[in-house]
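What follows is a single structure, written as structure tokens, with notes after it.
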Amino acid sequence: GAGVSQSPSNKVTEKGKDVELRCDPISGHTALYWYRQSLGQGLEFLIYFQGNSAPDKSGLPSDRFSAERTGGSVSTLTIQRTQQEDSAVYLCASSLREGPYEQYFGPGTRLTVT
Amino acid sequence: KQEVTQIPAALSVPEGENLVLNCSFTDSAIYNLQWFRQDPGKGLTSLLLIQSSQREQTSGRLNASLDKSSGRSTLYIAASQPGDSATYLCAVTAGNQFYFGTGTSLTVIP
Numbered sequence: 499g500a501g502v503s504q505s506p507s508n509k510v511t512e513k514g515k516d517v518e519l520r521c522d523p524i525s526g527h528t529a530l531y532w533y534r535q536s537l538g539q540g541l542e543f544l545i546y547f548q549g550n551s552a553p554d555k556s557g558l559p560s561d562r563f564s565a566e567r568t569g570g571s572v573s574t575l576t577i578q579r580t581q582q583e584d585s586a587v588y589l590c591a592s593s594l595r596e597g598p599y600e601q602y603f604g605p606g607t608r609l610t611v612t
Numbered sequence: 019k020q021e022v023t024q025i026p027a028a029l030s031v032p033e034g035e036n037l038v039l040n041c042s043f044t045d046s047a048i049y050n051l052q053w054f055r056q057d058p059g060k061g062l063t064s065l066l067l068i069q070s071s072q073r074e075q076t077s078g079r080l081n082a083s084l085d086k087s088s089g090r091s092t093l094y095i096a097a098s099q100p101g102d103s104a105t106y107l108c109a110v111t112a113g114n115q116f117y118f119g120t121g122t123s124l125t126v127i128p
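Quick mapping for you: the protein sequence lines, in order, are chains C and D.
Heads up: the first sequence at position 102 corresponds to 600 in the working numbering, and the numbers run straight through without jumps.
Heads up: the second sequence at position 68 corresponds to 86 in the working numbering, and the numbers run straight through without jumps.
So this is what it looks like as structure tokens:
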């Protein structure tokens, strides 16, 4: 079946602009995660959604970052007033439920802030 | 806070060799441990998932072990092939979060 998809695959934006990154999880997966991977760094947890519960936003690096998940499916990660240090690959993952379930990752969105 | 470390950071081996990648974590209170591979410009592909109650998992030429009490996992790759060249990441799940290592970059030389 279809895996996790993300769009766009690449995004180049000017410093100060807002960007929106989209994630379509695997159908039926109730848990959705956003991560980012900066050059030479490990993966960094950003935010986690589980069903209709309030999201775990503990990984968001600043208040310029926000995310929504509409209808328990598609999620959008928004970065306002982008900075050069926001340049990274943003990865989305979904799993059947929260906890000890295998996560399936999308191909990522490579964001470059110039 | 959970910290995950992978050693070595990079590894280069000739084709056909067996190899071991190491992952260590600081807090043994985990749900599971997962090994991924990441190819350049692509997302992560899950290789093996070991639940906290398990000691190992096998898939084809891959075998992953977990020693929760010592905070260690190994990924064993048998008879390595050039197509195995990628970055290998381990991640532990604790609570609702995944904690990733920085990865081991593997190059298998034909």
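C-beta atoms are modelled at their ideal positions from N, C-alpha and C, and glycine is treated no differently.
If you're wondering where the values come from, they're calculated on a predicted model, not measured in any experiment.
*Opposite C/LEU537 in the DSSP bridges: which residues?*
As a position in the first sequence, residue 537 of chain C is number 39, starting the count at 1. Answer is none; C/LEU537 lacks a bridge partner.
*Identify whether D/GLN20 lies in helix, strand or coil by the three-state DSSP scheme.*
Here residue 20 of chain D corresponds to residue number 2 of the second sequence, with the count starting at 1. The DSSP-derived three-state label of D/GLN20 is coil.
_Going by DSSP, what residue range makes up the beta strand (DSSP E) through C/ASP554?_
As a position in the first sequence, residue 554 of chain C is number 56, starting the count at 1. Per DSSP, C/ASP554 is not a residue of any beta strand (DSSP E), being assigned neither H nor E.
*Using 7 Å as the limit for Cβ to Cβ distance, is D/GLN115 near chain C?*
Looking up residue 115 of chain D in the second sequence gives position 97. Contact with chain C is found for D/GLN115, since one of that chain's Cβ atoms lies less than 7 Å from the residue's Cβ.
*So is C/PRO506 in contact with chain D if we call contact Cβ pairs under 7 Å?*
One-based indexing of the first sequence puts residue 506 of chain C at position 8. No, its Cβ sits nowhere closer than 7 Å to a Cβ of chain D.
_Measuring only the C-alpha atoms, how far is D/PHE116 from D/TRP53?_
Along the second sequence, one-based indexing puts residue 116 of chain D at 98. Along the second sequence, one-based indexing puts residue 53 of chain D at 35. Going by the C-alpha atoms only, they are around 12 Å apart.
*What does C/GLY604 touch in chain D if you count any residue whose Cβ is under 7 Å from its own?*
Taking the first sequence and counting its residues from 1, the one referred to as residue 604 of chain C is at position 106. Correct list: GLY61.
_Between D/THR120 and chain C, is any beta-carbon pair separated by less than 7 Å?_
Counted from its first residue, the second sequence places residue 120 of chain D at position 102. Yes - at least one Cβ of chain C is within 7 Å of the one on D/THR120.
_Taking CB distances under 7 Å as the criterion, tell me whether D/SER64 reaches chain C._
In the second sequence, the residue the question calls residue 64 of chain D occupies position 46. Between D/SER64 and chain C, the shortest Cβ-Cβ separation is below 7 Å.
*Do the region 19-39 of chain D and the region 524-538 of chain C make contact, defined as three or more Cβ pairs closer than 8 Å?*
Contact between the region 19-39 of chain D and the region 524-538 of chain C is absent, with fewer than three C-beta pairs closer than 8 Å.
*From the DSSP output, in three-state form, read off C/GLN601 for me.*
Here residue 601 of chain C corresponds to residue number 103 of the first sequence, with the count starting at 1. In the structure shown, C/GLN601 falls within a coil segment according to DSSP collapsed to helix, strand and coil.
*Could you check how far apart the C-beta atoms of D/ILE68 and D/THR111 are, in whole angstroms? I think they sit under 8 Å.*
Taking the second sequence and counting its residues from 1, one reaches residue 68 of chain D at position 50. Taking the second sequence and counting its residues from 1, one reaches residue 111 of chain D at position 93. Approximately 11 Å separates the beta-carbon atoms of D/ILE68 and D/THR111; this is outside 8 Å, ruling out the contact.
_Against chain C, which members of the region 29-57 of chain D pass a CB distance test of less than 8 Å?_
Answer set for the region 29-57 of chain D: TYR49, ASN50, GLN52, PHE54.
_Proximity test, Cβ basis, 7 Å: C/PHE543 and chain E_ = Annotation note: the requested chain E is absent from the structure, which comprises protein chains C and D.
*Applying the criterion that 16 or more other CB atoms from any shown protein chain within 10 Å of the CB defines a buried residue, is D/ARG79 buried or exposed?*
Counting from 1 along the second sequence, the entry for residue 79 of chain D is found at position 61. The C-beta of D/ARG79 has fewer than 16 other C-beta atoms within 10 Å across all chains shown, which makes the residue exposed.
*With 7 Å set as the bound, which would you pick, yes or no: does the beta-carbon of D/LEU8 sit closer than that to a beta-carbon of chain C?*
The structure shown does not extend to residue 8 of chain D, since chain D is modelled only from 19 through 128, so no value can be given for it.
*Neighbouring residues, chain D, relative to C/GLY540 (Cβ below 8 Å)*: Your numbering for residue 540 of chain C matches position 42 in the first sequence. What C/GLY540 touches in chain D: VAL22, LEU107, PHE118, GLY119, THR120, GLY121.
_chain C contact for D/LEU80 (CB, 7 Å cutoff)_ = Position 62 of the second sequence holds residue 80 of chain D. No - not a single Cβ of chain C is within 7 Å of the one on D/LEU80.
*asked:* Taking 7 Å as the threshold (beta carbon to beta carbon), is C/LEU519 in contact with chain D?
replied: What you label residue 519 of chain C is simply residue 21 of the first sequence in a count that begins at 1. Not an interface residue.
*Could you tell me whether the region 19-30 of chain D touches the region 576-590 of chain C, using the rule of 3 or more Cβ pairs below 8 Å?*
In this structure the region 19-30 of chain D does not touch the region 576-590 of chain C; the number of beta carbon pairs closer than 8 Å is below three.
_Chain-ordered chain C contacts of D/LEU67 [CB-CB under 7 Å]_ = Numbered from 1 along the second sequence, position 49 holds the residue referred to as residue 67 of chain D. Ordered by position in chain C, the residues that pass the 7 Å Cβ test against D/LEU67 are GLU600.
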